[in-house]
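As structure tokens, the structure follows; a few thoughts come after it.
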């Protein structure tokens with residue numbers, strides 16, 4: 504079954520192992536990313552997670568397959584490796600940019616949409632009375648739990664753990680809440 508593998512040069516054997524192993528890992532990562540409910544870590548800059556495990560896995564997959572393809576198209580080993588490395592780096596850059604802008608798109612979702620009014624949630628950090636100090640609430644938005652900024656017009660501070668209802672949303676996306684009795 505593996506007779507073809509034994510006939511390959513040592514560098515071709517290494518490339519095949521890299522390609523197959525890291526492609527399998529990459530597909531597992533994609534599946535878990537789609538299935539998991541918690542968001543990825545926030546990125547402050549486009550290339551802040553350039554060397555993330557997901558990107559390195561994608562790099563090694565792309566590097567392996569492109570290098571093997573170039574070798575079988577009669578490129579020499581040096582040119583094949585250069586082409587594989589360039590392809591992998593380009594893929595890493597594209598993935599970093601895509602993940603960054605996907606996160607930005609999620610952050611810029613308009614929380615002031617009408618379906619968020621009368622939503623219920625829970626206070627995560629204390630909220631000052633009569634809009635004196637903002638706090639954080641955990642609320643279900645579009646089927647996902649999100650932590651959002653909140654204030655209250657209530658006469659007393661609203662403590663963490665209190666169940667709340669959203670009354671309105673300010674123009675800058677801060678939720679105005681009322682404790683549930």
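Residue numbers (the numbering used here): 504 to 684. Ideal placement from N, C-alpha and C gives every residue a C-beta, glycine not left out.
Which residues bound the beta strand (DSSP E) around residue i?
i, result
"residue 651", "647-655"
Could you tell me which residues DSSP puts in a beta bridge with residue i?
i, result
"residue 572", "Note: residue 572 sits in no beta bridge, so no partner."
"residue 678", "653, 672"
"residue 641", "625, 650"
"residue 630", "661"
Could you tell me how far apart the beta carbons of residue i and residue j are, in whole angstroms, since I believe they sit closer than 8 Å?
i, j, result
"residue 625", "residue 640", "7 Å"
"residue 630", "residue 656", "Not really, about 11 Å apart at Cβ, beyond 8 Å."
"residue 569", "residue 586", "6 Å"
"residue 483", "residue 560", "The question about residue 483 has no answer here: the residues shown for the chain are numbered 504 through 684."
"residue 623", "residue 650", "Rounded, the Cβ-Cβ distance is 15 Å, inconsistent with contact."
"residue 552", "residue 599", "6 Å"
"residue 628", "residue 663", "6 Å"
"residue 682", "residue 654", "That pair is no contact at about 13 Å."
"residue 642", "residue 669", "7 Å"
"residue 519", "residue 571", "7 Å"
"residue 620", "residue 671", "7 Å"
Residue i by DSSP, collapsed to three states: which one?
i, result
"residue 664", "coil"
"residue 579", "coil"
"residue 589", "helix"
"residue 562", "helix"
"residue 635", "coil"
"residue 620", "coil"
"residue 608", "helix"
"residue 596", "helix"
"residue 553", "coil"
Alpha helix (DSSP H) containing residue i: first to last residue?
i, result
"residue 526", "513-538"
"residue 508", "506-509"
Quiz item: Given 8 Å as the limit, is there contact between the region 560-570 and the region 512-529, that is, 3 or more CB pairs closer than that?
Solution: yes
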